[in-house]
Amino acid sequence: DTAMYAAKRSGRARYQVYTPELDPRARDTELRRAVDAGEMVVHFQPAVSLTDGSVKAVEALVRWNHPERGLLMPGEFIDFAEETGAVVPLGEWVLRDACRQVAGWHATIPGADRVRLSVNLSPKQVVQPGLVDIIRGILAETGFAADKLILELTEGVVLEPDVQTVARLEELRDLGISIAVDDFGTGYSALSYLRRLPVNILKIDRSFVTGIADDPEARTVAEAIVRLGMAFRMSVVAEGIETAEQARVLADMGCGYGQGYHFYRPMEGTAAAEALLALSRG
Ligand code: C2E
Ligand code: MG
Ligand code: MG
Ligand code: MG
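So the sequence shown is residues 463 to 744, counted in UniProt numbering.
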């Protein structure tokens with residue numbers, strides 16, 4: 463991406479080439495400034511029951527409303543933020559903003575208090591010693607119910623957690639928070655960590671869902687994850703469902719929950735609240 467744009471800062475215009483090669487320190491500064499300046503936006507994508515279609519949760523997905531480049535997707539800045547550590551204040555902002563918005567829906571939309579909120583947690587956040595206190599503080603500040611919160615971790619984080627990380631996740635579980643393993647199946651084959659960690663939910667990665675109707679190998683992996691979930695008494699959510707056929711195949715193999723464009727796309731908070739309101743009216 464070598465697009466030129468005019469950056470108007472401190473009153474004077476200057477030109478800057480926005481590329482991934484831009485001085486990493488300048489990029490990091492810009493990203494942290496953007497969080498403080500309120501340029502981040504949370505979108506929400508519902509997850510539904512594959513049995514009855516009801517909305518069970520909404521996942522918070524961050525976007526950057528960049529003043530010159532428009533709405534940026536996480537693929538354009540999350541990995542970089544992870545490298546520099548800017549993902550820590552960014553992730554904290556997402557959690558606070560999402561809890562604040564969804565707490566409002568819980569309080570005002572009939573039946574919406576059953577809908578849980580799922581937030582992605584970066585590897586850098588999970589190893590943060592103060593994480594539990596920060597989360598406890600955000601729940602208190604926003605009035606969000608801990609048992610309605612799901613934190614999504616990627617397999618990389620949970621593969622070989624140090625004792626402090628295990629203790630931290632157990633503390634979160636003791637608060638009533640659920641832990642999901644995101645993009646499940648794409649990481650490593652060591653499954654022993656599932657027994658040692660307080661994991662409640664497995665999210666089947668989209669790469670296995672995409673081919674599920676006609677690729678026997680994708681179907682086999684999805685089936686194995688559904689069985690694993692049953693064996694460990696975990697809920698299983700299939701990500702990236704785009705067709706009715708994929709939804710049917712997954713429901714038939716006993717997968718309880720699904721998420722994807724077939725049901726809902728990620729949407730702004732106001733649109734998500736409207737969707738929940740419409741559902742409450744039948
Ligand atoms: P993820 O957590 O696995 O989220 C699912 C991604 O798949 C989202 O992309 C979502 O928009 C997209 N998606 C959902 N349904 C479909 C579908 O039917 N088809 C297709 N093709 N895509 C679908 P998005 O929003 O671009 O986010 C990408 C990734 O960025 C997320 O993957 C997550 O790992 C990360 N991310 C997003 N928000 C945050 C955040 O607040 N903190 C952290 N640490 N990571 C985040
Ligand atoms: Mg996720
Ligand atoms: Mg995922
Ligand atoms: Mg993913």
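Using N, Cα and C, we set each Cβ at its ideal position, and we do this for glycine too.
As the structure is a prediction and not an experimental result, all values here were calculated from the model.
Counted within 10 angstroms of its Cβ, other Cβ atoms place residue i as buried (16 or more) or exposed
i	result
Ser742	exposed
Asp559	buried
Asp667	buried
Gly744	exposed
residue 788	This structure does not reach residue 788, given that the chain is present from 463 up to 744, and the question cannot be answered.
Ala475	Only weak support is given to the placement of Ala475: the predicted model assigns it a pLDDT of 43, under 50, and the question is left unresolved by the model.
Gln590	buried
Pro678	exposed
Ala642	buried
Val577	buried
Leu738	buried
Gln708	buried
Glu736	exposed
Leu613	buried
Leu653	exposed
Ser472	Annotation note: pLDDT 38 at Ser472 (below 50); position unreliable, coordinate value reported separately. The residue is exposed, with fewer than 16 neighbouring Cβ atoms inside 10 Å.
Glu521	buried
Thr464	In this predicted model, Thr464 has a pLDDT of only 37, less than 50, meaning its place in the structure is not dependable enough to derive any value.
Closest Cα partner of residue i within the set the options
i	options	result
Leu579	Gly532, Val683, Phe506 and Asp624	Phe506
Thr705	Arg689, Met692, Arg668 and His724	His724
Ala734	Pro551, Gly553, Trp567 and Val497	Trp567
Ala684	Pro660, Tyr655 and Gly720	Gly720
His528	Asp541, Leu659 and Arg489	Arg489
Leu659	Ala509, Ala574, Gly647 and Glu622	Glu622
Leu664	Glu633, Phe539, Phe670 and Asp645	Asp645
Met696	Thr513, Ser640, Pro591 and Ala509	Ser640
Pro508	Thr570, Ile703 and Arg710	Ile703
Met502	Asp485, Glu521, Gly532 and Pro486	Gly532
Trp555	Ala737, Asp498, Val671 and Val628	Asp498
Gly649	Thr627, Glu603, Leu493 and Gly618	Gly618
Ser710	Asp676, Ala740 and Phe694	What sits at residue 710 in the sequence shown is Arg, not Ser. That would be Asp676, whose Cα lies nearest to the Cα of Arg710.
Leu523	Val504, Ala680 and Val625	Val504
Val628	Asp609, Glu603, Thr604 and Leu593	Leu593
Ala519	Lys610, Lys586 and Leu493	Lys610
Arg681	Val698, Leu712 and Leu690	Leu712
Phe670	Leu690, Gly722, Glu701 and Tyr655	Glu701
Asp541	Thr513, Pro585 and Ala574	Pro585
Arg525	Arg657, Leu484 and Leu493	Leu493
Gly500	Gly537, Pro551 and Pro728	Pro551
Heavy atom of ligand 1 within 7 Å of residue i beta-carbon
i	result
Asn582	yes
Arg562	no
Ile540	yes
Asp559	no
Gly731	no
Glu554	no
Pro551	no
Glu704	yes
Tyr723	yes
Pro508	no
Gly649	no
Val503	no
Val711	no
Val517	no
Pro529	no
Nearest-angstrom beta carbon gap, residue j and residue i [assumed within contact, 8 Å]
i	j	result
Gly673	Ser511	Not really, about 23 Å apart at Cβ, beyond 8 Å.
Leu583	Gly553	6 Å
Leu615	Val581	Actually they are not in contact, since the Cβ atoms of Leu615 and Val581 sit about 11 Å apart, beyond 8 Å.
Gly716	Val688	5 Å
Val564	Phe606	7 Å
Arg562	Thr513	With 8 Å as the limit, Arg562 and Thr513 do not qualify as a contact, their Cβ atoms being about 31 Å apart.
heavy atom of ligand 3 below 7 Å from residue i C-beta
i	result
residue 452	Beyond the ends of the chain as shown, which are 463 and 744, falls residue 452; an answer cannot be given.
Asp676	no
Glu701	yes
Distance cut-off 7 Å: residue i Cβ against heavy atoms of ligand 2
i	result
Glu614	yes
Asp624	no
Glu521	yes
Asp667	no
Asp644	yes
query: Are three or more beta carbon pairs between the stretch 533-550 and the stretch 597-609 nearer than 8 Å?
result: The stretch 533-550, when compared against the stretch 597-609, does not touch it at the 8 Å Cβ threshold.
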